[in-house]
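K.L.:
According to full-length UniProt numbering, the sequence shown is numbered sequentially starting from 1. If you scroll down you'll find the structure; I have some questions about it.
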Amino acid sequence: MNDHKLAGTEFDAVLHQTRILKSGIYELKSQTLHKRIPNTSQYREMFSDDDLVIITLPNQPVNKIFGLVRSGERIIEKARLHKSYHDHPDVKIRPPVWFCYEYNIRIFGSNMKILDGSKIKIKAITSLTATLRRFKALASMRSCPLFENLLSPSLNDDIFQITNKRESSMEDKHYQAYNESQRNVIAEAVSMIRDTRDDNQAKIYMCQGPPGTGKSQTITGIVRALLQSTFASTNSNDQSPTISSSGTSKKIKILICCPSNGGCNEIVRRLIDIFARKTTDSNANQTTPNLPFKLIRCARGGAVSQDIESLSLDVLARKRLEEVLNTGGQNEAIERNLANKEKQKKQLLERIEQEKMKQQSTSANNRPTEEAYLELNLKEIIASIQKLQQTCRKTMPESARRQREREIKLELLQQADICVSTLNYVGNSIFDSFSPFDVNNPMNKNEKLKKPPASSSTIPSLFNCLIIDEAGQCIEIDNYIPLRLGMNRIVLVGDPEQLPATILSRRALEAGLNQSLFERLYKLFKYDLNNPIRMLNIQYRMHDEICKFPSMHIYRSKLKTDKSINQKRKKFLLKPYMILDIVNGQEQLDPVTQSYGNPLEADVVARLVQFINEQAKVPFNQIGIITPYNYQVKLIEQKLVQHNLHQHKIEIGTVDAFQGRQKDVILLSCVRATQITDASTTVGIGFVANRQRLNVSLTRAKYAMYILGHMNSLNVNEDWQKLYSNAVERKAIFQLTLPEQFEWLIKHQQEAQTELTEKK
Numbered sequence: 001m002n003d004h005k006l007a008g009t010e011f012d013a014v015l016h017q018t019r020i021l022k023s024g025i026y027e028l029k030s031q032t033l034h035k036r037i038p039n040t041s042q043y044r045e046m047f048s049d050d051d052l053v054i055i056t057l058p059n060q061p062v063n064k065i066f067g068l069v070r071s072g073e074r075i076i077e078k079a080r081l082h083k084s085y086h087d088h089p090d091v092k093i094r095p096p097v098w099f100c101y102e103y104n105i106r107i108f109g110s111n112m113k114i115l116d117g118s119k120i121k122i123k124a125i126t127s128l129t130a131t132l133r134r135f136k137a138l139a140s141m142r143s144c145p146l147f148e149n150l151l152s153p154s155l156n157d158d159i160f161q162i163t164n165k166r167e168s169s170m171e172d173k174h175y176q177a178y179n180e181s182q183r184n185v186i187a188e189a190v191s192m193i194r195d196t197r198d199d200n201q202a203k204i205y206m207c208q209g210p211p212g213t214g215k216s217q218t219i220t221g222i223v224r225a226l227l228q229s230t231f232a233s234t235n236s237n238d239q240s241p242t243i244s245s246s247g248t249s250k251k252i253k254i255l256i257c258c259p260s261n262g263g264c265n266e267i268v269r270r271l272i273d274i275f276a277r278k279t280t281d282s283n284a285n286q287t288t289p290n291l292p293f294k295l296i297r298c299a300r301g302g303a304v305s306q307d308i309e310s311l312s313l314d315v316l317a318r319k320r321l322e323e324v325l326n327t328g329g330q331n332e333a334i335e336r337n338l339a340n341k342e343k344q345k346k347q348l349l350e351r352i353e354q355e356k357m358k359q360q361s362t363s364a365n366n367r368p369t370e371e372a373y374l375e376l377n378l379k380e381i382i383a384s385i386q387k388l389q390q391t392c393r394k395t396m397p398e399s400a401r402r403q404r405e406r407e408i409k410l411e412l413l414q415q416a417d418i419c420v421s422t423l424n425y426v427g428n429s430i431f432d433s434f435s436p437f438d439v440n441n442p443m444n445k446n447e448k449l450k451k452p453p454a455s456s457s458t459i460p461s462l463f464n465c466l467i468i469d470e471a472g473q474c475i476e477i478d479n480y481i482p483l484r485l486g487m488n489r490i491v492l493v494g495d496p497e498q499l500p501a502t503i504l505s506r507r508a509l510e511a512g513l514n515q516s517l518f519e520r521l522y523k524l525f526k527y528d529l530n531n532p533i534r535m536l537n538i539q540y541r542m543h544d545e546i547c548k549f550p551s552m553h554i555y556r557s558k559l560k561t562d563k564s565i566n567q568k569r570k571k572f573l574l575k576p577y578m579i580l581d582i583v584n585g586q587e588q589l590d591p592v593t594q595s596y597g598n599p600l601e602a603d604v605v606a607r608l609v610q611f612i613n614e615q616a617k618v619p620f621n622q623i624g625i626i627t628p629y630n631y632q633v634k635l636i637e638q639k640l641v642q643h644n645l646h647q648h649k650i651e652i653g654t655v656d657a658f659q660g661r662q663k664d665v666i667l668l669s670c671v672r673a674t675q676i677t678d679a680s681t682t683v684g685i686g687f688v689a690n691r692q693r694l695n696v697s698l699t700r701a702k703y704a705m706y707i708l709g710h711m712n713s714l715n716v717n718e719d720w721q722k723l724y725s726n727a728v729e730r731k732a733i734f735q736l737t738l739p740e741q742f743e744w745l746i747k748h749q750q751e752a753q754t755e756l757t758e759k760k
């Protein structure tokens with residue numbers, strides 16, 4: 001799916017300059033003219049660096065050719081406009097209502113003769129930014145000391161060895177907020193990061209966090225323990241936390257990465273909730289959290305949630321730039337004033353023209369005096385406009401502002417204690433200056449890029465450690481993007497048993513592109529007695545009856561339910577876990593979308609939603625419906641309309657949409673159902689057969705999990721056979737022949753009492 005903001009949009013452009021970079025590679029400087037909304041500072045979207053475009057060229061053997069945008073800037077000075085635009089109506093009008101974008105675009109071709117001033121068309125296709133960052137990271141990995149160990153890992157490699165030393169500077173009152181498995185992970189990870197005895201020896205620590213086990217809480221626990229020295233030295237003027245070992249110390253700088261911007265924003269919120277200090281200063285800026293350390297959220301514009309926007313690198317840089325220039329928001333005020341003056345100028349010109357016409361039709365003696373008065377006013381207005389324009393230019397030209405803003409961003413990154421970013425964004429050129437292995441780093445320009453000894457890095461790493469959250473949901477190459485910054489203490493937190501990265505290309509999927517680094521290492525070490533991967537083993541989400549099968553089948557019976565959760569869930573009036581075997585269900589294939597649906601199953605889902613709301617008083621917005629097929633989503637929506645439930649906020653979505661989320665009650669509509677009459681016939685069950693999808697589906701519910709499907713069809717899969725057998729043993733399966741048979745879901749008094757006794 002293409003989410004590029006300008007995808008498919010085509011613009012007319014004029015070639016301003018063409019030059020040959022090397023054989024077959026041309027750089028085209030082109031300009032696109034746009035109309036500006038009068039009396040505003042609003043500009044339309046422009047192409048971004050590394051956008052893939054299609055250029056339509058005139059008088060060429062091949063007139064359509066791919067191009068890559070290398071840079072672009074906005075032009076508002078007429079002197080820089082291509083001469084062919086000078087007579088354009090939007091340029092000639094007063095006040096001016098135009099602006100221009102100038103792009104440098106590279107193309108590949110041969111024997112091309114492109115004339116200056118040629119009219120071309122530029123059409124946006126997609127952004128290649130993420131792909132090019134991955135390529136750049138992969139190209140530089142051969143110089144990274146970790147590369148060989150990650151390429152051919154072994155359990156005996158030093159990088160995976162966990163020290164037996166479990167220490168943490170976290171205060172006891174904070175330590176008690178974590179369970180034993182969380183405390184062990186925090187202590188081991190912190191011990192690894194704090195160990196400065198051999199800074200050149202890289203270390204990787206891996207933590208598996210099954211659903212509901214508090215992965216994010218554990219990450220913030222690691223950060224709290226690392227930064228504890230900040231709070232211990234309140235009398236110190238320097239608030240920066242330090243690592244100390246054997247009499248030596250160094251500043252702690254942490255890079256926290258996630259595959260998604262949503263995950264990054266959530267981590268920042270958690271850090272604010274834990275560390276933000278209360279302020280009694282009524283004049284303090286309440287929009288910026290008062291933190292005991294410098295926290296920066298690194299992201300492209302628009303990716304940072306509004307509630308944490310004040311911590312974004314872009315906002316901080318712009319704020320500091322305004323302080324440096326001592327202009328604050330003056331430019332916008334100047335532009336508004338300039339627009340008003342231009343409006344007055346236009347009105348005066350119209351009045352002068354009217355006076356001239358009146359002069360021609362009358363011999364009144366006062367007319368020249370009136371015209372002279374207007375001319376004098378016009379002269380004053382023009383002088384004011386020129387003065388305002390000079391003031392604008394004095395503030396700083398756009399190119400100089402961009403360069404200064406970049407320098408400020410580099411300073412902010414160097415001063416930060418914690419940076420939170422997506423994995424891919426760390427491939428942004430702003431980080432190039434901090435990479436010991438990157439060819440774009442000026443310090444590496446004159447040296448042939450080759451693998452250095454682990455201790456030979458001439459550039460100190462910007463960060464001491466890298467923490468990757470949701471490490472199972474990113475492709476492996478994405479892990480290598482932040483590694484170019486030279487960190488040698490890495491913590492991977494995630495769950496390879498849940499959904500991996502989403503890959504749309506079938507060929508890429510078959511080649512294993514969706515596999516994460518964590519999943520590859522997990523598969524290698526999973527069954528080894530000395531497995532270095534630690535697992536958080538207490539879950540706080542699911543009723544214990546829901547947790548039983550995933551724990552046994554996926555997590556080798558190691559996942560346990562916290563006692564307090566059992567106490568909270570015991571009051572629920574319905575059975576917490578059941579399979580509804582819809583024996584008469586029949587799948588249908590939508591001939592247009594090639595997606596599957598099951599009308600009877602959809603009807604049962606709608607009726608069951610109503611039953612749960614009426615009998616257990618579960619709010620509609622706390623009932624989630626998971627189904628793997630879009631056609632089934634459509635059928636369920638239709639059935640909800642038929643049962644007058646469509647006005648309620650009942651969420652229906654795919655497994656992917658529910659990953660990382662929870663609801664009080666989850667209904668899983670499996671869809672696939674084929675009435676087999678020939679025993680020799682074999683059928684597939686598509687998406688439903690995926691073990692990771694099954695695990696995610698079964699672990700979203702807090703109070704009740706109901707699985708709706710045709711068991712004879714689903715049992716062709718090994719995982720579903722085990723699920724079915726487990727349900728039979730637990731008497732948690734019901735063959736549904738009528739779509740409204742749900743009374744058996746109500747817990748009887750004796751059953752509820754037995755459950756309470758067992759939990760105690």
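Glycine is no exception: its CB is placed at the ideal position from the N, C-alpha and C atoms.
Considering only DSSP beta bridges, list what Asp12 is partnered with.
P.N.:
Beta-bridge analysis with DSSP links Asp12 to Lys121.
K.L.:
DSSP state of Phe293, grouped into three classes?
P.N.:
Residue state, collapsed to three classes: coil.
K.L.:
Between the beta-carbon of Leu423 and the beta-carbon of Pro500, is there less than 8 Å?
P.N.:
No. Outside cutoff.
K.L.:
Skipping 5 residues on each side, what residues in its chain have a beta carbon closer than 8 Å to that of Lys558?
P.N.:
Met535, Asn537, Ser551
K.L.:
With 16 as the cutoff for other CB atoms within 10 Å, does residue 762 come out buried or exposed?
P.N.:
Only positions 1 to 760 of the chain appear in this structure, which leaves residue 762 out of reach.
K.L.:
Closest by CA to Met112, which one among Ala616, Ile546, Asn63?
P.N.:
Asn63
K.L.:
Keeping to the same chain, check which residues put their C-beta closer than 8 Å to that of Thr593; ignore five residues upstream and five downstream.
P.N.:
Asn630, Tyr631
K.L.:
For Ile538, decide whether its Cβ has a neighbour in chain D, counting only Cβ atoms nearer than 8 Å.
P.N.:
Although the question refers to chain D, the structure presented lacks it and comprises just one protein chain.
K.L.:
Closest by CA to Val641, which one among Ser669, Val609, Gln615?
P.N.:
If we check each option's Cα against that of Val641, Val609 comes out closest.
K.L.:
How big is the Cα-Cα spacing for Glu405 and Ser310?
P.N.:
Taking the CA atoms as reference points, Glu405 sits about 16 Å from Ser310.
K.L.:
Below 7 Å CB to CB, which residues in the same chain sit around Arg661 once its five sequence neighbours on both sides are set aside?
P.N.:
Arg700
K.L.:
So, for Asn265: in the same chain, excluding its five sequence neighbours on each side, which residues have a beta-carbon less than 7 Å away from its beta-carbon?
P.N.:
Val304, Ser305, Ile308
K.L.:
Buried or exposed: residue 762, going by 16 or more other Cβ atoms within 10 Å of its Cβ?
P.N.:
Outside the modelled stretch of the chain, which goes from 1 to 760, sits residue 762, for which no answer is possible.
K.L.:
Check for me: the alpha helix (DSSP H) holding Ser725 runs from which residue to which?
P.N.:
718-729
K.L.:
Whose C-alpha, out of Cys465, Glu510, Gly585, is nearest the C-alpha of Met192?
P.N.:
Cys465
K.L.:
Span of the alpha helix (DSSP H) holding Gly221?
P.N.:
Where Gly221 is concerned, the enclosing alpha helix (DSSP H) stretches over 215-226.
K.L.:
Does DSSP classify Tyr596 as helix, strand or coil?
P.N.:
Secondary structure at Tyr596: strand, using DSSP grouped into helix, strand and coil.
K.L.:
Could you name the residues of the same chain whose beta carbon sits closer than 8 Å to that of Asp581, not counting the 5 residues immediately before and after it, in chain order?
P.N.:
Gly709, His710, Met711, Ile733, Phe734, Gln735, Leu736
K.L.:
Count the other CB atoms within 10 Å of the CB of Thr213; is the residue buried (16 or more) or exposed (fewer)?
P.N.:
Residue burial annotation: Thr213 is buried, with at least 16 other C-beta atoms found within 10 angstroms of its C-beta.
K.L.:
Leaving aside the five residues before and after Leu517 along the sequence, list all residues of the same chain whose C-beta is less than 6 Å from its C-beta, in chain order.
P.N.:
Glu476, Asn479
K.L.:
Can at least three beta-carbon pairs, one atom from the segment 108-126 and one from the segment 45-56, be found at a separation below 8 Å?
P.N.:
yes
K.L.:
For Pro58, which of Gly117, Ala7, Glu10, Lys83 has the nearest alpha-carbon?
P.N.:
Gly117
K.L.:
Can you give me the C-alpha to C-alpha distance between Pro96 and Val315, rounded to a whole angstrom?
P.N.:
30 Å
K.L.:
Would you kindly work out how many angstroms separate the C-alpha atoms of Asn340 and Ala317, rounded to a whole number?
P.N.:
30 Å
K.L.:
Using 10 angstroms around the beta-carbon of Ala606, count the other beta-carbons present and answer buried if the total reaches 16, otherwise exposed.
P.N.:
Its Cβ being crowded by 16 or more others within 10 Å, Ala606 is buried.
K.L.:
So is His86 buried or exposed if we call it buried at 16+ other beta carbons inside 10 Å?
P.N.:
exposed
K.L.:
Is Lys379 closer than 8 Å to Arg94 when the C-beta atoms are compared?
P.N.:
No, these two residues do not count as a Cβ contact at 8 Å.
K.L.:
Roughly how many angstroms lie between the CA atoms of Leu338 and Ala383, to the nearest whole one?
P.N.:
Straight through space, the alpha carbons of Ala383 and Leu338 are spaced by roughly 11 Å.
K.L.:
In chain order, what residues of the same chain have a beta carbon less than 6 Å from the beta carbon of Glu10, not counting five sequence neighbours either side?
P.N.:
Lys121, Lys123
K.L.:
Asn149 to Lys215, Cα distance in whole Å?
P.N.:
26 Å
K.L.:
Would DSSP call Asn613 helix, strand or coil?
P.N.:
helix
K.L.:
Are Asn290 and Arg277 closer than 8 Å when you measure CB to CB?
P.N.:
yes
K.L.:
Determine the direct distance from the alpha carbon of Lys343 to that of Ala13, and round the result to whole angstroms.
P.N.:
29 Å
K.L.:
Which term fits Lys548, buried or exposed, when burial requires 16 or more other beta carbons within 10 angstroms of its beta carbon?
P.N.:
buried
K.L.:
Going by DSSP in three states, Ser245 sits in which element: helix, strand or coil?
P.N.:
Confidence is the limiting factor: at Ser245 the pLDDT is only 43, short of 50, which leaves the residue's position unreliable and the question unanswerable from this model.
K.L.:
Out of Gly8, Leu412, Ile533, which one is the CA nearest neighbour of Pro496?
P.N.:
Ile533
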